[in-house]
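One line per chain: the protein sequences are C and X, in this order. Once you know that position 235 of the first sequence is 245 in the numbering used here, the rest is easy, because the numbers rise by one and skip nothing. Once you know that position 224 of the second sequence is 371 in the numbering used here, the rest is easy, because the numbers rise by one and skip nothing. We put the beta carbon where it would ideally sit given N, CA and C, even for glycine.
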Amino acid sequence: MLGLGLAAFILVIVVLLALAELVAKRGSKALTAAVFLAPVGLLLGAGLVVPAARTLGLSMFDGSGENFVWFANFQWIFTDSGAQIILLNTLLWVVLTPLIATGIGLLYAVLIDGKRGEAIYKSLVFMPMAISFVGAAVIWRFIYDHRGGTDQIGLLNQVVVWLGGEPQAWLQMWPWNTLLLIVVLIWVQTGFATVVLSAALKGIPAEIQEAARIDGATPWQEFWRVTIPSIRPAIIVVVVTISIASLKLFDIVRTMTGGQFRTGVVADSMWFQAFRLGEAGRGAALAVVLFIMVIPIVAYQVHNLKRRQEETR
Amino acid sequence: MKKDRRLPKRFLCVTASAAAIALAATACGAPDEEPGEELPDWAADCDTYADYGSFDGETVSISSSIRGDEADEMTAAWSSFAECVGITIQHEGSGTFESDMRVRVDGGNAPDIALFPQPGLMFQFVDNMVPADADTQAAAQEGWTQDWLDYGTVDGQLYAPPHSANAKSFVWYSPSFFEDGGYDIPETWDEMMDLTETIAADGTTPWCVGFESGEASGWPGTDWIEDAVLRESPELYDDWIDHNIPFDDPGIVDAFDRVGEILLNDDYVNGGHGGVNTIATTSFQEAGYPVADGECAMHRQASFYSAMWPDDVEVAEDGDVFIFQLPGDEPGDAPMLFGSEFVASFSDDEAVHAVRQFLASADYHNLRMTTGSWTTAHQGADPENARDDALVRAVEILHDETMTSRFDGSDYMPGEVGAAAFWTGMLDWLGGTSAEDVTSNIENAWPSD
């Protein structure tokens with residue numbers, strides 16, 4: 011099977027190159043481009059455009075996919091009390107995670123910058139990145155675990171007991187449970203922020219910093235007026251990446267609470283509605299809402315990229 | 148209800164081996180008996196299966212939510228049949244059976260046979276299902292009363308005969324604990340509430356409860372509510388599960404309140420685990436363990452819980468733990484809730500029909516009871532084949548046609564309610580949402596058609 015697939019792949023490439031060769035001989039640049047773009051266009055169409063259009067269509071049908079219901083599914087998302095909680099949770103995720111993860115990452119990167127053993131400090135905070143979301147969720151579920159009485163197996167509750175407090179069922183208390191889940195993603199993503207921002211810090215020309223110091227800037231002023239503006243593009247990349255990760259977050263919620271106790275988020279309940287309840291319409295509508303929420307972030311990113319290209323030109 | 152998870156034993160073994168391999172080797176090494184070892188002679192004799200025909204190396208796939216030891220025991224029960232008729236039966240147990248089935252059926256990749264614990268969910272796939280053929284129908288009609296077959300029938304056509312059956316309205320208790328405390332088995336619900344108060348006053352938390360069951364968390368709560376509704380009145384119960392009355396009918400709210408007197412009272416729950424807020428996160432498999440340790444007096448759970456006790460706990464009237472029927476409002480009138488799996492099929496293949504026919508036969512049901520803790524309502528099954536005294540009693544009750552009994556309501560309701568909103572509703576209710584709000588939320592989730 012594998013050999014057959016590889017052979018087919020090579021055949022396609024050979025045919026494509028031969029075709030391009032033929033076209034190139036006739037000297038039409040546009041046609042050559044078209045030949046090379048066609049497979050990509052085809053795959054993008056089949057894998058992205060068609061499913062997206064179909065999802066959009068499905069979002070206006072009911073659960074069975076047979077009756078057209080206009081915007082009833084969207085009305086459900088914005089009026090149902092359960093669905094509203096999901097939107098609110100998603101908002102919490104997308105606002106808090108990038109801000110806190112980037113903030114901690116930046117602080118950490120600045121603190122370890124140029125210190126002895128920087129590489130070790132960096133790998134320590136980067137390590138959670140190597141753990142899958144599900145793995146991280148399982149680890150943190152143990153940390154938050156709750157037992158009645160004084161015998162705790164959860165770290166957090168054991169600390170509470172040591173301090174003389176009552177153990178709490180953390181993952182059942184809304185909105186704290188959502189905040190505690192957010193901590194997990196922050197734990198995973200801070201390493202990414204640290205590494206990217208640390209690299210950006212190294213890229214700041216020493217002359218600028220020196221000049222600022224000669225002009226009598228305090229370390230505080232130097233940080234806000236020199237360091238931050240210099241690494242602004244890197245910060246934006248980090249914030250945008252983490253924002254998108256938190257918008258489409260699924261694994262942590264699914265593994266730790268299964269969306270129970272009002273911890274559901276859009277990506278998780280999209281799956282739940284479509285595949286557990288058979289409400290394909292509602293699932294698709296949630297997917298569309300998720301898509302709409304990603305658009306401004308992506309648009310901002312594209313806008314920034316363009317501006318930088320113009321600046322460097 | 149779902150009766151699939153027998154994981155904790157395994158899970159504990161894995162954890163234990165991480166901590167102390169030597170201990171694990173003694174505690175979890177070889178299973179106490181190999182399933183299938185104790186099959187009677189007639190089971191291995193191929194003449195027994197002569198009527199099913201013979202097939203040449205065909206394969207039939209079966210999907211279910213049954214995993215672990217229980218799956219091995221089930222496979223053992225049909226192993227001789229499969230060998231004799233020449234069919235390879237591939238069983239696949241999944242922890243996410245409910246969502247898997249939707250993906251597989253919609254994707255045209257359905258298994259040949261699926262064991263659905265919820266008829267409500269099963270009939271969402273009725274368009275893709277293959278009705279029982281004449282032989283299977285004959286076997287099913289011989290095996291079950293019409294009431295039972297009705298749960299697997301649509302428009303007069305039998306689609307899915309039952310598989311296992313569980314009697315659910317049981318309370319597990321420790322006979323020695325009751326004897327030491329001078330407690331009597333309650334005859335009525337009021338007596339049970341008095342007993343609860345007495346035990347609490349004597350210093351033991353009377354009830355232990357656990358609703359956690361992964362994706363299906365909350366289902367043990369639905370059983371509590373169903374039992375309570377059935378005790379309000381069987382007519383109310385029938386109207387409720389058929390949606391002739393709304394889910395938030397005052398009668399249903401009353402049932403929630405009746406259960407709430409126990410489950411929402413920190414003095415009455417959760418023995419051995421903590422308080423009310425531990426119910427939602429205590430796994431249903433381990434919830435009853437404190438009964439054997441005397442840290443909790445009573446645990447309401449179905450007969451299948453017999454399989455979940457640790458190996459060193461003896462299930463018998465004079466043993467460590469035993470059952471009594473959850474009492475009704477009048478002495479001697481204890482309605483029984485029961486659940487079952489149904490054998491649905493998505494293939495019209497001859498070999499698949501042969502397997503279905505065998506699964507509906509008395510032979511299979513008798514064999515299955517000998518390979519592991521299991522109960523059935525099959526009329527041809529001998530209760531004495533059941534593994535322990537509690538299971539024998541459960542099978543006898545399942546055969547008793549005079550008893551007021553009803554099918555598990557949450558499994559009967561549409562999947563959106565019975566396998567989703569009702570489950571999460573139970574967790575919300577424990578979390579402090581009022582019974583009125585919980586029931587009206589569930590009512591809103593009921594599909595409109």
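Run of the alpha helix (DSSP H) containing residue i, from where it starts to where it stops
i: T42/C; result: K39 to L54
i: N513/X; result: A509 to T518
i: G365/X; result: Segment: none, G365/X is in no alpha helix (DSSP H) and carries neither H nor E.
i: N99/C; result: S91 to I122
i: M483/X; result: Unbroken run through M483/X is the beta strand (DSSP E), M483 to S492; no alpha helix (DSSP H).
i: W150/C; result: F143 to I153
i: R317/C; result: A290 to T322
i: E590/X; result: A582 to A592
i: P61/C; result: V60 to L68
i: V248/C; result: R242 to L257
Below-8 Å beta-carbon distance, residue i vs any chain C residue
i: N424/X; result: yes
i: V301/X; result: no
i: T571/X; result: yes
i: E548/X; result: no
i: N275/X; result: no
i: V250/X; result: yes
i: A567/X; result: yes
i: N412/X; result: no
i: Q102/X; result: With chain X running from 148 to 596 in the structure shown, residue 102/X is simply not present.
i: E364/X; result: Here residue 364/X turns out to be Ser, not Glu, going by the sequence shown. So yes, S364/X belongs to the interface.
i: L170/X; result: For L170/X, the predicted model reports a pLDDT of 37, less than 50, meaning its position is unreliable; a value from the coordinates is still stated below. It does not: the Cβ of L170/X has no partner Cβ on chain C nearer than 8 Å.
i: E245/X; result: yes
i: M233/X; result: In the sequence on display, residue 233/X carries Gly and not Met. No, because no Cβ of chain C sits closer than 8 Å to the Cβ of G233/X.
i: N417/X; result: yes
i: G350/X; result: no
i: G578/X; result: yes
i: D361/X; result: It is worth fixing the name first, because residue 361/X is Gly in this sequence and not Asp. Chain C, which has a Cβ nearer than 8 Å to the Cβ of G361/X, makes this yes.
i: V585/X; result: no
Contacts around residue i, its chain only, beta-carbon distance under 6 Å, and the 5 residues preceding and following it disregarded
i: A146/C; result: V194 and V198
i: S557/X; result: T369, G565 and F569
i: L165/C; result: I153
i: E239/X; result: S210
i: C193/X; result: C231
i: T235/X; result: T206
i: P278/X; result: Q304 and Y306
Own chain partners of residue i with C-beta closer than 8 Å, once the 5 adjacent residues on each side are dropped
i: E563/X; result: A592, W593 and P594
i: M303/C; result: T100, V104, L257 and V276
i: D496/X; result: E205, V207 and D259
i: A177/X; result: Here A177/X scores only 40 on pLDDT, less than 50, and its place in the model should not be relied on; the value that follows carries that caveat. For A177/X, where only same-chain residues beyond five positions count, there are no Cβ hits under 8 Å.
8 Å Cβ cutoff, residue i in contact with chain X
i: Q182/C; result: yes
i: F7/C; result: With chain C represented from 11 up to 323, any question about residue 7/C goes unanswered, as that position is not in the structure.
i: Q270/C; result: yes
i: H156/C; result: yes
i: A147/C; result: no
i: A179/C; result: yes
Residue i, buried or exposed, once every other Cβ within 10 Å from all chains shown has been counted against 16
i: F394/X; result: buried
i: H512/X; result: buried
i: R64/C; result: exposed
i: R318/C; result: exposed
i: A309/C; result: exposed
i: E289/X; result: exposed
i: Q85/C; result: exposed
i: M266/C; result: buried
Residues of its chain near residue i, where Cβ-Cβ distance is below 7 Å and the 5 sequence neighbours each way are ignored
i: Q504/X; result: Y199, D282, T283 and A286
i: E359/X; result: A427, T428, T429, S430 and F431
i: M269/X; result: F263, A307, F489 and A491
i: Q168/C; result: Q162
i: V135/C; result: Y118, T200, G201 and T204
Element boundaries [beta strand (DSSP E), containing residue i]
i: I236/X; result: I234 to G240
i: Y320/X; result: F317 to Y320
i: V236/C; result: Taken as a continuous stretch (DSSP letters only), V236/C belongs to no beta strand (DSSP E), as it is neither H nor E.
Using a Cβ cut-off of 9 Å, which residues of the stretch 419–453 of chain X contact any Cβ in chain C, in chain order?
G419, H420, G421, G422, N424, T425, A427, T428 and T429
At a Cβ cut of 7 Å, what residues of the stretch 279–294 of chain C count as close to chain X, listed as they run along the chain?
F285, R286, L287 and G288
Using a Cβ-Cβ cutoff of 8 Å, what residues of the stretch 475–509 of chain X are near chain C? List them in chain order.
none
Scan the stretch 533–565 of chain X for residues whose Cβ lies nearer than 9 Å to a Cβ of chain C and list them as they occur along the chain.
G562 and E563
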